[in-house]
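Structure, as structure tokens:
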Amino acid sequence: HKAQFLQYLQITSQIKHSVVFLTAFFASKVEHESKHCNGKGFQRPGSSAFDRVYTANQNCGHAYPTFLAVLWCAGLLCSQAPAAFAGLMYLFVRQKYFVGYLGERTQSTPGYLFGKRIVLFLFLMSVAGILNYYLIFFFGSDFEMYIKTITSAISPLLLIP
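So in my numbering, spot 127 of the sequence shown is number 127, and the numbers just go up one at a time.
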């Protein structure tokens, strides 16, 4: 179990680093759009292109703490491989959301809904892990293998739009 835990820590730290790089990319897009619209550095000129980039960046930044919390809980309390897979999928979905937001606002909707589904999946994995802990504690029944099998089977379904 210790080797699996260390692997999970390595994978989640790589996902956290990817979040940092993605956030830096989004921030650079905001800065670029600000300079493009005004030419004087970071000022909020009120252009629609700048507003879209700025809003997309803010939305992504506000979603990451929740994502990281449920990612860690799902991996530690339930199953690491499906949690890591869902984490990587979430990063791709956030990129799709951001790029979609740069176009028309309706283009960002699929990425937003897909992201909500992934966070819900991670949350349900966390709840299943907590319930399993209480089943072990109160009744002595361990359903860990069943939960891991179910989450491993369900995680590829996250690819369906």
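Even glycine gets a Cβ: it sits at the ideal position worked out from N, Cα and C.
Treat the numbers as computed from the prediction; the structure is a model and nothing was measured.
- Inclusion of Ile-150 and Asn-132 in the CB contact set at 7 Å is not warranted, their separation being larger than that value.
- Residue state for Pro-161 is assigned as coil, using DSSP reduced to three classes.
- Note that the stretch 97–108 touches the stretch 50–65; at least 3 beta-carbon pairs, one per stretch, sit closer than 8 Å.
- Here the alpha carbon of Phe-123 sits roughly 6 Å from the alpha carbon of Val-70.
- Taking C-beta atoms as the reference points, Phe-121 and Ala-83 fail to come closer than 7 Å.
- Judged by beta-carbon spacing, Arg-94 lies within the 7 Å limit of Cys-60, meaning their Cβ atoms are closer than that value.
- Contact check for Arg-117 and Leu-158: beta-carbon distance about 7 Å, within the 8 Å limit, so the pair qualifies.
- Per DSSP, reduced to three states, the secondary structure at Cys-78 is coil, with no helix or strand assignment.
- With respect to Leu-102, Arg-52 sits close: the two C-beta atoms are nearer than 7 Å.
- Cβ contact annotation for Ser-152 (same chain, cutoff 7 Å, sequence separation greater than five): Ser-79, Ala-81, Pro-82, in chain order.
- Within the same chain, Ile-136 come within 6 Å of Asp-142 by CB-CB distance, once the 5 residues on both sides are set aside.
- When the five nearest sequence neighbours on each side are left out, no beta carbon in the same chain lies closer than 6 Å to the beta carbon of Ser-28.
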